[in-house]
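Inspection log for the structure reproduced underneath, given as structure tokens.
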Amino acid sequence: MRKYFGTDGVRGVANKELTCDLAYKLGRAGGYVLTNTEYKVKVVVGKDTRQSGDMLEAALIAGLMSVGCDVITVGVIPTPGVAYLTRKYGADCGVVISASHNPMEDNGIKFFNKDGFKLDDEIELKIEKYIDNIEEIDYNPIGEKVGVKIHKHTATKDYVDYLKSIVNADLTGLKVVLDCANGASYKVAPAVFKELGAEVIDINTTPNGKNINDKCGSTHPEGLQKAVVENKADLGLAYDGDADRLIAVDETGAIVDGDHIMVLGAVYLKNKNKLADNTLVVTTMSNMGLHVAAKEYGIKLAVTDVGDRYVIEEMKKHGYNLGGEQSGHMIFLDYNTTGDGTLSSLIVSKIVKEEGKTLSELSALMTTYPQVLINVEVKNDVKNKYMENEDVRAEIERLEKLMDGTGRVLIRPSGTQPLVRVMLEGKDEGQIRELAQGLADLIKEKLA
Numbered sequence: 002m003r004k005y006f007g008t009d010g011v012r013g014v015a016n017k018e019l020t021c022d023l024a025y026k027l028g029r030a031g032g033y034v035l036t037n038t039e040y041k042v043k044v045v046v047g048k049d050t051r052q053s054g055d056m057l058e059a060a061l062i063a064g065l066m067s068v069g070c071d072v073i074t075v076g077v078i079p080t081p082g083v084a085y086l087t088r089k090y091g092a093d094c095g096v097v098i099s100a101s102h103n104p105m106e107d108n109g110i111k112f113f114n115k116d117g118f119k120l121d122d123e124i125e126l127k128i129e130k131y132i133d134n135i136e137e138i139d140y141n142p143i144g145e146k147v148g149v150k151i152h153k154h155t156a157t158k159d160y161v162d163y164l165k166s167i168v169n170a171d172l173t174g175l176k177v178v179l180d181c182a183n184g185a186s187y188k189v190a191p192a193v194f195k196e197l198g199a200e201v202i203d204i205n206t207t208p209n210g211k212n213i214n215d216k217c218g219s220t221h222p223e224g225l226q227k228a229v230v231e232n233k234a235d236l237g238l239a240y241d242g243d244a245d246r247l248i249a250v251d252e253t254g255a256i257v258d259g260d261h262i263m264v265l266g267a268v269y270l271k272n273k274n275k276l277a278d279n280t281l282v283v284t285t286m287s288n289m290g291l292h293v294a295a296k297e298y299g300i301k302l303a304v305t306d307v308g309d310r311y312v313i314e315e316m317k318k319h320g321y322n323l324g325g326e327q328s329g330h331m332i333f334l335d336y337n338t339t340g341d342g343t344l345s346s347l348i349v350s351k352i353v354k355e356e357g358k359t360l361s362e363l364s365a366l367m368t369t370y371p372q373v374l375i376n377v378e379v380k381n382d383v384k385n386k387y388m389e390n391e392d393v394r395a396e397i398e399r400l401e402k403l404m405d406g407t408g409r410v411l412i413r414p415s416g417t418q419p420l421v422r423v424m425l426e427g428k429d430e431g432q433i434r435e436l437a438q439g440l441a442d443l444i445k446e447k448l449a
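Sequential numbering of the sequence shown, starting at 2, is according to this note's numbering.
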């Protein structure tokens, strides 16, 4: 059982749960686990715009240098930028200080290995063991073996240049609105779009340490929708605080979510014979409409549990190169090892420009099926046992047969609350709402 690491690093309220002491221990333990005493380990460290970032960065870096790691600081930069720069600079590890789309008072610390992927579970567990037994780290280098801090002032330019090189597009004539969530993309995204020739209107690009994700960005796209319509832009693009996800807005102001973007990208790559094994990797939360569209365009689907970690594991295992989540994490594995909102937004813009169609026309490749989600309160100790009840199991099987090919039933116990989530999708919203409520009532009756 993990004590500190979740699915996306170590998270918590800064200076309360994620303290300087814990950040120091994470640096010291992480550096020690990764240290090879035959050479100086190099670690790239980046962060988002949260006020607590400087505090945690200082503690983390002190821990890393105390076990002889040389730290390359790259400042405020998107999470995928750290994954790329870790590889570019030949570092042994990368660390991001960010809590993604969470409120400003939260923060997090996430590690990448030398290849830019999240650390394996066994390495995270080993780091956790040393955090709780920090006195067992008996390596205290002195003199020239103590770690040093190196400021990499060209980091943002290096990342922008890389994005430009892989997208390789002329966006002249395209008018885009970028919502950078007052987060890590506030320099990178406007710079790369302007350098590729687009007309850029940027909003929420004045971070002050407190306003990251505050009623803006991919989790609050209302301001972007309004700005796109008012400025008669071709499309709008919204990132979250660490810019590893993207939500788009078409020229009418309608939201284009991760499912639509994945279908759009998959069809584009397939037509160019660049979609590995003609397969797209998605999670169980992707809309039924995506499944219907994929079948229509001859695209195979691999379905994983929720979480970009599982999507990437499936992609690496089978050699797939495109995957993601409805929430906006898109992984173009040919180019980066994690979700990259800026890269995804550039690819969407390139497709719009090349195809000569509006984003609303292109996103119509997929029709979103109505979705009904009901949270059922149950006792925490029975929330995973709904399939053990004969009546509940029989009703789920009945609904699955009833909706075969035209909808689906998805039941998920909450990982953190005493809830069972009942979700139904189908063409007729009235029908699925009635069916979902009936199933929810039955689960509550049998498990409450």
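We treat Cβ as the ideally placed atom computed from N, Cα and C, and that holds for glycine.
### Message
Looking at the secondary structure, which residues open and close the beta strand (DSSP E) in which MET424 lies?
### Response
420-427
### Query
Cα separation between ILE128 and ASN134?
10 angstroms
### Query
Buried or exposed: where does PRO208 fall if 16 or more other Cβ atoms within 10 Å of its Cβ makes it buried?
buried
### Simplified DSSP assignment, three categories, for ALA185
coil
### Query
Does the stretch 48-62 come close enough to the stretch 180-197 that 3 or more CB-CB pairs lie under 8 angstroms?
yes
### Query
Can you tell which of VAL193, PHE333, LYS176 has the C-alpha that lies nearest to the C-alpha of ASN232?
LYS176
### Query
Less than 7 angstroms separating the beta-carbons of THR280 and ALA303?
yes
#### Entry: Limits of the unbroken beta strand (DSSP E) element including GLY109
107-114
### Task
Taking ILE78 as the reference, give the member of TYR187, LYS402, LEU61, ASP139 with the closest Cα.
TYR187
### Query
Which residue from GLY254, LYS146, ASP235, PHE118 puts its Cα closest to that of GLY174?
ASP235
### Message
With three or more C-beta pairs closer than 8 angstroms as the rule, is the stretch 93-106 touching the stretch 209-221?
### Response
yes
### Query
Given LEU117, which residues of its chain have a CB within under 6 angstroms of its CB, disregarding the five upstream and five downstream residues?
Here residue 117 turns out to be Gly, not Leu, going by the sequence shown. The residues are ALA84, THR87, ARG88, THR338.
### Task
Decide yes or no for the touch test of the stretch 324-334 against the stretch 283-300: beta carbon pairs closer than 8 angstroms, at least 3 of them.
yes
### Three CB pairs or more closer than 8 angstroms across the stretch 413-424 and the stretch 369-386
yes
#### Entry: Minimum C-alpha distance to LYS43 - residue among GLY290, ILE397, MET56, ASP71
ASP71
### Query
Excluding sequence positions up to five away, which residues of its chain have a Cβ less than 6 angstroms from the Cβ of ALA15?
SER53, ASN108
#### Entry: Chain-order list of residues whose beta-carbon lies under 6 angstroms from that of LEU61 (same chain, five-residue window excluded)
ALA24, GLY28
### Task
Sort PHE113, ILE132, VAL193, VAL147 by Cα distance to THR343 and report the nearest one.
VAL193
### Message
Let me check one thing: in DSSP terms, what residues is ASP203 bridge-paired to?
### Response
LEU179
### Task
Could you spell out where the alpha helix (DSSP H) holding THR74 opens and where it closes?
It is not in any alpha helix (DSSP H) - THR74 instead sits in the beta strand (DSSP E) that spans 71-77.
### Task
Identify the continuous beta strand (DSSP E) that holds ALA249 and give its terminal residues.
247-250
### ASN322 in three-state terms, based on DSSP
coil
### Query
How big is the Cα-Cα spacing for LYS146 and ILE98?
25 angstroms
### Query
What runs of the beta strand (DSSP E), each 3 residues or longer, lie entirely inside the stretch 9-68?
11-14, 43-48
### Query
Under three-state DSSP, which class holds GLN372?
strand
#### Entry: Whole runs of the alpha helix (DSSP H) within the stretch 369-415, excluding any shorter than 4 residues
391-403
### Query
At what residues does the beta strand (DSSP E) containing THR280 begin and finish?
280-284
### Query
Going straight from the alpha carbon of LEU120 to that of PHE112, what length do you get?
6 angstroms
### Query
Among GLY266, ASP258, ASP215, TYR160, which has the Cα closest to the Cα of PRO191?
TYR160
### Query
Got a sec, what are the start and stop residues for the alpha helix (DSSP H) ILE128 sits in?
122-133
### Boundaries (first-last residue) of the beta strand (DSSP E) holding VAL97
94-98
### Query
So what's HIS261 in DSSP terms, helix, strand or just coil?
helix
### Top-ranked residue by Cα proximity to GLY64, from LYS4, VAL75, GLU125, ASN141
ASN141
### Query
Can the beta-carbon of VAL201 be found closer than 7 angstroms to that of VAL229?
no
### Query
Would you say MET404 and GLY427 are within 7 angstroms of each other, going by their C-beta atoms?
yes
### Query
Just checking, does the stretch 342-359 make contact with the stretch 303-319 on the three C-beta pairs under 8 angstroms criterion?
no
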